[in-house]
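Peer 1:
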Amino acid sequence: MHLKDFSIFLKTISSEPLYVLDASISNSKYILIDLSETNEALNHVDVSSTSKLGTFVNNLIKKHNATVAYGGYLEVRNIYKRSRHFNKQAQEERNIHLGIDLWCGAETPIYTPLDAMVHSFNNNTNFGDYGPTIILQHTVNGEVFYTLYGHLSLESFHNLKVGQTFKKGQQIATLGDETVNGNYPPHLHFQIIKDLQGTEGDYSGVCSKKDLDFYSKNCPDPNLLLKLNI
146 MHLKDFSIFL KTISSEPLYV LDASISNSKY ILIDLSETNE ALNHVDVSST
196 SKLGTFVNNL IKKHNATVAY GGYLEVRNIY KRSRHFNKQA QEERNIHLGI
246 DLWCGAETPI YTPLDAMVHS FNNNTNFGDY GPTIILQHTV NGEVFYTLYG
296 HLSLESFHNL KVGQTFKKGQ QIATLGDETV NGNYPPHLHF QIIKDLQGTE
346 GDYSGVCSKK DLDFYSKNCP DPNLLLKLNI
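Those letters in the sequence shown? Residues 146 to 375, per the working numbering, in order.
#1: Check whether the Cβ atoms of P365 and F335 lie closer than 8 angstroms to each other.
#2: Roughly how far, in whole angstroms, is the beta-carbon of L163 from the beta-carbon of T253, given that I think they are within contact range, below 8 angstroms?
#3: Quick check: L187 and S361, are their CB atoms within less than 8 angstroms of each other?
#4: Does the beta-carbon of N363 have 16 or more other beta-carbons within 10 angstroms, so that it is buried, or is it exposed?
#5: Are the Cβ atoms of G276 and V325 separated by less than 8 angstroms?
#6: Any idea what DSSP makes of A235, helix, strand or coil?
#7: L320 and I158 - do their beta-carbons sit closer together than 8 angstroms?
#8: By how many angstroms is the C-alpha of Y215 removed from the C-alpha of I176?
#9: Just the C-alpha distance for A211 and K174, rounded to the nearest angstrom, thanks.
#10: When you compare only the Cα positions, how much space is there between Y291 and L281?
#11: Taking F302 as the reference, which of L205, Q316, S160 has the closest Cα?
#12: Given a threshold of 16 other Cβ atoms within 10 Å of its Cβ, counted over all protein chains shown, does F272 qualify as buried or as exposed?
#13: Compute the minimum distance between the beta carbon of Y360 and the heavy atoms of the ligand MG, and state whether it is under 7 angstroms.
#14: Please classify K339 as buried or exposed, where buried requires at least 16 other C-beta atoms within 10 Å of its C-beta.
#15: Where do the ends of the alpha helix (DSSP H) carrying V289 lie?
#16: L305 and T278 - do their beta-carbons sit closer together than 8 angstroms?
#17: On the three-state DSSP scale, how would you describe N269?
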């Protein structure tokens with residue numbers, strides 16, 4: 146399948162929302178959050194501070210009587226400036242977010258949205274990185290693709306094995322806190338990937354402007370599955 150057709154394929158998988166958090170959380174309990182560099186409200190927030198960013202996120206959730214704040218696909222963010230992991234010398238700045246973030250409490254259960262097999266997992270311990278990460282492999286109508294779950298708890302790896310299978314809706318992990326998740330307020334980074342490009346337990350969740358055309362096709366909008374904005 147050509148990458149340009151991948152988004153169209155994802156739309157056909159389910160007419161109903163698929164879930165990576167508890168399916169009993171209604172869409173009305175999800176509130177959209179803007180963490181882009183153009184959000185003027187963030188001019189007054191030190192986004193390099195985990196606690197201050199967490200306060201900003203939690204205040205939004207409380208204000209709207211929500212359970213989860215979500216968003217971030219292809220969002221250009223300043224938050225990555227704090228980490229050399231995204232700004233290594235001789236490379237263009239990586240600051241465009243390729244997944245969707247679901248901001249909620251540590252130890253929140255995480256579920257697979259589709260039947261899956263564990264492709265790989267790894268603890269990515271760079272400052273500002275994913276921390277514990279699981280990549281699942283899915284085969285739907287003969288097409289293979291992957292979903293990545295970042296910022297998990299270390300306990301999520303307990304008894305986990307490559308090749309292990311899960312049925313749609315089974316719990317696969319729990320969220321970690323800032324001590325293990327790359328130093329962020331607790332949240333799930335959920336990303337869809339067509340071609341892992343040979344990686345295991347990790348894949349770029351942030352890209353540079355010059356690479357955006359490829360990555361936006363290889364990693365389409367996760368809301369094609371989650372359907373949080375309907």
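Backbone N, C-alpha and C fix where the C-beta goes; we use that ideal spot for every residue, glycine too. Note that this is a predicted model, so its numbers are computed, not measured.
Peer 2: In short:
#1: no
#2: Not really, about 17 angstroms apart at Cβ, beyond 8 angstroms.
#3: no
#4: buried
#5: yes
#6: Residue confidence for A235 is low, a pLDDT of 49 falling below 50, so the modelled location carries little weight; the figure read from the coordinates is stated next. Coil.
#7: no
#8: 6 angstroms
#9: 4 angstroms
#10: 5 angstroms
#11: Q316
#12: exposed
#13: Ligands are entirely absent from the displayed structure, and the ligand MG is therefore not among its contents.
#14: buried
#15: First-last for V289: 288–295, but that is the beta strand (DSSP E), not the alpha helix (DSSP H).
#16: no
#17: strand
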